[in-house]
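Engineer:
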Amino acid sequence: TFITGARINPSSINFLMRANSVAVDGKIYTVRIPLRVYSNSKNSFYPGERIKVSGKLGLTKERRVSAALSAKKISILSFGNFLDRGTNAIRSKYRAELSGRKSNAASLIPGVVLGDTSLQTPEFTVLMRRVGLTHITAVSGANLAIVTAFVLWITKFVFKKRRNRILITAIFLIGFIFLVRASPSVLRAAVMAAVLLFAKSEGEKSQSVPALGAAISLLLLIDPFQGVDAGFVLSVLATTGIIFLSKPISNFLEIRLPSFLAELLSIPIAATVLCTPVIVALSGQISLTSIPVNALVAPVITPLTILGFLAAILILVLPNVSTIILNLSLPFAVFITWVASIGGKPPILKMAGGFQGLTISAALVSIGIFLLIRFRREWKIILSPVILLTLFLQSPWYLGGFPGKNWRVLQCDVGQGDAMLIHTAPHRAVVVDVGPDPNLIDTCLRSGGITQIDLLILSHFHADHVAGLLGALRNRKVISIWINQSRLPDFEYRHTMELLNGLEIRKVKAADRATINSEYGILTATVIWPRDSTSGANSEVLAGEGSAINNGSIAIFFDLNGVTLFSAGDLEPAPQQDLLKSNQLKKVGILKMFHHGSQYQDLAALQRLSPAITLISVGRENPYGHPSPKTIRFLEQIGAKTFRTDLVGAISFSWSYDSQHRLVISSRNSGKEWWRIKWS
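Just so you know, this note's numbering puts 747 at position 439 of the sequence shown, and the rest follows in order with no gaps.
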């Protein structure tokens, strides 16, 4: 089995693997399928190695793989070939050289040069995403174009024949692709870089159009699944924008700006303009500072990439020279981090996402392009409707007033993770978990207008529940914090506690209780699990899903002045059965579903809860197969109305009593769909 790529953090590892043979019940089957492997191994595995993995196969919705494999044991059968070992050694040495410098600037260099972001802190990663600079740490066509152009320039002084220069450059480009790992995104970048260089050399769009079309066709023939990959779409749009729009935009800007500045700004603007509709569709937001930030850092990307590339190819043979070159590249990285920190301060432009966001933003882009072509010299005619339409997109009429004026519960859309808000007063809420992404939880809290967290509850320390903590704490006051009894996983626990340093923290167990005076009456939170520090530690472990960490989750009943809400993190069948047998469960109005609606549920426990409404926080096309169709069917059978964030986005609820004293719950989501549910 060959490893094709890995993502590592201090507590776990997952990587793509091409399986050549599979043994089941003593029978060996010859196959050729891609798998996603999940492991708690502390060892590192590199592309090109042949390994033997024992574990349990499971279904996955990840489109690029056939199944997910939860590994119990991994053995290395053989190491990679000379090229694999060489590139692995360069990457390891490069990472080690920069890891000791303990700065965001140093962590940025391997990202820009090799696409290796393992040294970057979660906070810095969020900042780069916020200002639209993540593309510089994901090896793109621009990176490969810079390296290719640099090698072509160097070879001019060595080889007279153009054919020899192209041959040497091609060899360097192939080696560079191996160095940064030949993933689909890198191959895509290589082809797009070739298109841009070809277009540059020809100087005519008539030549670049068929080249771009051929590149797209070739990539889709090699891997048809790229057609539904957001990275592929953005790459094609960015390349198309640069080819078709950079010159008209440059000509337009020259009316008011010096030529060199107009040309400098035209490339990031051209790429951003065509990518914007897809970015809005995916995220529902766009950075107001993205274009100026990209324009400011553009001049230093080239020297940083070239110096970093030179340092990489010399690091094994001339390490001292490589260190000197890295020192020379550091000021450029420092400048990028400084620009990012300044650009991250203004708010993000919030827009409707999905098809609606795609349609509106595509219309806006089309109008802008038309006006640019039709009224190139009348800049006021171009900017006025664009500004007016942008202001309209921010208005309550367009955004639909989500989450509503009188919302009581807000299930955030944080992807494959969990985060929920319970409204206590204007600008105040109880927060249960914070999801995996600081930017997403920050967006959710801002949509609810929350500036004070009365009680922050972290059900357990898995990353999909706590990694977004920095975003929740951003510019907010936190009164009190509840955590569970466990200190695992170690990395997530330590990182969380560092962020919470100086705040009031309480480790809770069954029977602990909090009372909060809210605008709507008394809100009570009563813990029923864990019973003590060992609860869940000896529970049944289900391969690929269950764990003692999940089973140590905090389970809480909230009494919301007439509506009971139950939230229990990722508790699985064993503790669910324990709570059922001890008569701790009761009928609820709203159930925050166990473990993202996984297949591992105690149906009798769900029957006892009999929720009128079930909330499932889950990422679209997640690799775990959440939520399970079996679980969804059972919830339908017991009469629960199920809301899923992967289908409708964030969901808010409000309630009141009608003239017949029946409780009426209204819900709305970020897609502006409405439901009304009644029960006596």
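All residues carry an ideal CB built from backbone N, CA and C; glycine is no exception.
It should be emphasised that the depicted structure is a prediction, and the values quoted were computed from it without experimental measurement.
Determine the burial state of E806: buried for a count of at least 16 other Cβ atoms within 10 Å of its Cβ, exposed for fewer.
Structural biologist: Burial call: exposed.
Engineer: Using the three-state DSSP reduction, which class does A958 fall into: helix, strand or coil?
Structural biologist: Here A958 sits in coil by DSSP.
Engineer: Looking at the secondary structure, which residues open and close the alpha helix (DSSP H) in which A920 lies?
Structural biologist: First-last for A920: undefined, no H or E at that position.
Engineer: When we look at the beta-carbon of K900 and count the other beta-carbons within 10 Å, is it buried (16 or more) or exposed?
Structural biologist: Looking at its Cβ environment, which holds 16 or more other Cβ atoms inside 10 Å, K900 is buried.
Engineer: When the Cα atoms are used, what is the spatial distance from D726 to L763?
Structural biologist: Looking at the two C-alpha atoms, the distance is approximately 16 Å.
Engineer: On the criterion of 16 or more Cβ atoms from any shown chain inside 10 Å, does I563 qualify as buried, or is it exposed?
Structural biologist: It is exposed - the Cβ of I563 has fewer than 16 other Cβ atoms within 10 Å.
Engineer: Is the CB of A546 under 8 Å away from at least one CB in chain D?
Structural biologist: Absent from the structure: chain D. Only one protein chain is present.
Engineer: Do you know offhand how far T433's Cα is from V588's?
Structural biologist: The straight-line gap from Cα to Cα measures roughly 19 Å.
Engineer: Thinking just about the alpha-carbon of each residue, which of S964, P931 and L923 is nearest to the one in E944?
Structural biologist: Considering only alpha carbons, the answer is L923.
Engineer: Along the chain, where does the alpha helix (DSSP H) containing K401 start, and where does it finish?
Structural biologist: That run of the alpha helix (DSSP H) goes F390 to S407.
Engineer: CB of H934 to nearest heavy atom of the ligand SAM: below 7 Å?
Structural biologist: No copy of the ligand SAM appears in this structure; indeed no ligand is present at all.
Engineer: For D910, I'd like the list of residues in its chain whose CB is within less than 6 Å of its CB, leaving aside the five on either flank, ordered along the chain.
Structural biologist: For D910, where only same-chain residues beyond five positions count, the Cβ hits under 6 Å are P881, Q884 and Q885.
Engineer: What residues in its chain sit with their C-beta under 8 Å from that of T548, if we drop five residues either side in the sequence?
Structural biologist: Only L520 and L582 meet the Cβ criterion.
Engineer: Using a 10 Å radius around the Cβ and a threshold of 16 neighbouring Cβ atoms, would you call E848 buried or exposed?
Structural biologist: Because E848 sits at a pLDDT of 40, beneath the cut-off of 50, its placement in the model cannot be relied upon, and the following sentence gives the value as read from the coordinates. It counts as exposed.
Engineer: Buried or exposed: D741, going by 16 or more other Cβ atoms within 10 Å of its Cβ?
Structural biologist: Counting Cβ neighbours within 10 Å, D741 comes out buried, since at least 16 surround it.
Engineer: If we call anything under 8 Å between Cβ atoms a contact, is I857 one with F942?
Structural biologist: Cβ distance not < 8 Å, so I857 and F942 don't count as in contact.
Engineer: Identify whether R328 lies in helix, strand or coil by the three-state DSSP scheme.
Structural biologist: Here residue 328 is Asn; the residue named in the question, Arg, does not match the sequence. In the structure shown, N328 sits in a strand (DSSP, three-state: E or B).
Engineer: Let me know if Q915 comes out buried or exposed under the rule of 16 or more other beta-carbons within 10 Å of its beta-carbon.
Structural biologist: Per the 10 Å Cβ criterion, exposed.
Engineer: Which class does E853 belong to by DSSP, given the choice of helix, strand or coil?
Structural biologist: Legend: pLDDT at E853 = 44, less than 50; position of this residue unreliable, value from coordinates given subsequently. It is coil, neither helix nor strand.
Engineer: Helix, strand or coil, according to DSSP, for V673 in the structure here?
Structural biologist: Helix at V673.
Engineer: Could you check what DSSP says for V896 in three-state terms: helix, strand or coil?
Structural biologist: V896: coil per DSSP, three-state reduction.
Engineer: Can you find the residues in the same chain that come closer than 6 Å, C-beta to C-beta, to A851, ignoring five residues on each side of it along the sequence?
Structural biologist: With a pLDDT of 36 at A851, under the threshold of 50, the modelled position of this residue cannot be trusted, and the question is left open.
Engineer: L781 to S755, Cα distance in whole Å?
Structural biologist: Whole-angstrom Cα-Cα distance: 15 Å.
Engineer: Let me know if A958 comes out buried or exposed under the rule of 16 or more other beta-carbons within 10 Å of its beta-carbon.
Structural biologist: Buried: at least 16 other Cβ atoms inside 10 Å.
Engineer: What would DSSP say about K555, mapped onto helix, strand or coil?
Structural biologist: Helix, per DSSP.
Engineer: Between the C-alpha atoms of L917 and A414, what's the straight-line distance to the nearest angstrom?
Structural biologist: So the alpha carbons of these two residues sit roughly 52 Å apart.
Engineer: CB I791 to CB K815, shorter than 8 Å?
Structural biologist: Contact flag set, yes.
Engineer: Rounded to whole angstroms, how far is the Cβ of S637 from the Cβ of L612, which I believe are closer than 8 Å?
Structural biologist: Correct: roughly 5 Å between the Cβ atoms.
Engineer: State the start and end residues of the unbroken beta strand (DSSP E) segment that holds W790.
Structural biologist: Counting along the chain, the beta strand (DSSP E) containing W790 begins and ends at I789 to I791.
Engineer: In terms of alpha-carbon separation, which member of I462, N783 and V488 lies closest to G757?
Structural biologist: Among I462, N783 and V488, the Cα nearest to that of G757 belongs to N783.
Engineer: When you compare each of Y932, G947, I940 and R928 to L955 by their alpha carbons, which one comes out closest?
Structural biologist: If we check each option's Cα against that of L955, R928 comes out closest.
Engineer: If we call anything under 8 Å between Cβ atoms a contact, is A833 one with F866?
Structural biologist: Yes, these two residues count as a Cβ contact at 8 Å.
Engineer: Rounded to whole angstroms, what is the Cα-Cα separation between S703 and K713?
Structural biologist: Residue placement at S703 is poorly supported in this model, since its pLDDT is 48, which falls under 50; the coordinates still yield a value, given next. Cα to Cα, S703 sits roughly 15 Å from K713.
Engineer: Alpha carbon to alpha carbon, how far is Q907 from V330?
Structural biologist: Looking at the two C-alpha atoms, the distance is approximately 25 Å.
Engineer: Taking N930 as the reference, which of V544, S386, R326 and G366 has the closest Cα?
Structural biologist: The shortest C-alpha separation from N930 is found at G366.
Engineer: To which residues does DSSP link P342 through a beta bridge?
Structural biologist: Bridge partners of P342: R326.
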